[in-house]
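Trainee: Have a look at this one.
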Amino acid sequence: MIQLAYVSSSVGLFSSADLASILSVSREKNRRLGITGMLVYKEGNVLQILEGERTAVVALFTTICKDRRHDGVIKLYQRQIAERDFEWSLGSQDLSAQELGMMEGFSEFFDPDFDMRRINASAAARLLDLFKAGVR
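Sequential numbering of the sequence shown, starting at 0, is according to numbering that gives the first Met the number 0.
The following block contains the structure:
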């Protein structure tokens, strides 16, 4: 089993209705594929972590890279895992500016002008921990 994290920019800003639709479709697809993970979206910036069997995760990531709604997809890491961090097909949470401000060096990720190449695996792991603590 693997876990893969990436960042990207959305081609346009998504409305709440757009995000709800994306989450609904993605959750069903992820259930069928045995993939779990999380999606963080703010101001056109995307951070997603996917986990599951290698073949399924790599195939889904390849599809995401070709998705016209994404621009500048950057894989942060891909690593072997013994167990999943997530029990849900695709968790999603709206993190507050205060919560993000607690994470030194990461809150600027949600600035529309932020350069995605500045995100690294340790920053993604910090957000993962915050996300897991906030999702019930």
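The beta carbon of each residue, even a glycine, is placed where N, CA and C say it ideally should be.
Since this is a predicted model, take the numbers as computed values, not measurements.
(1) So for ARG78, helix, strand or coil by DSSP?
(2) Around the C-beta of SER7, are 16 or more other C-beta atoms found within 10 angstroms, so that it is buried, or is it exposed?
(3) Closest to GLY36 by C-alpha separation, out of PHE13, SER25, ALA81, ALA19, would be which residue?
(4) Who are ASN29's beta bridge partners in DSSP?
(5) Within its chain, find whatever has a CB closer than 6 Å to the CB of GLU50; leave out the 5 residues flanking it on each side and keep chain order.
(6) State buried or exposed for LEU12, treating a residue as buried only when at least 16 other CB atoms are found within 10 Å of its CB.
(7) Classify GLN47 as buried or exposed, calling it buried when 16 or more other Cβ atoms lie within 10 Å of its own Cβ.
Mentor: The relevant details are as follows:
(1) Taking the first residue of the sequence shown as position 1, residue 78 is located at position 79. Assignment of ARG78 by DSSP, reduced to helix, strand and coil, places it in the strand class.
(2) In the sequence shown, residue 7 corresponds to position 8, counting from 1. Buried.
(3) Residue numbering aside, residue 36 sits at position 37 when the sequence shown is read from its first letter. Looking only at PHE13, SER25, ALA81, ALA19, the smallest Cα-Cα distance to GLY36 is reached by SER25.
(4) Residue 29 sits at position 30 when you count from the first residue of the sequence shown. As computed with DSSP, ASN29 is found in no beta bridge at all.
(5) Reading the sequence shown from its first residue, position 51 is the one you call residue 50. Result list for GLU50: GLN2, THR35, GLY36, ARG83, in chain order.
(6) In the sequence shown, counting from the first residue as 1, residue 12 sits at position 13. That one is exposed.
(7) Translated into the one-based positions of the sequence shown, residue 47 becomes position 48. GLN47 should be labelled buried.
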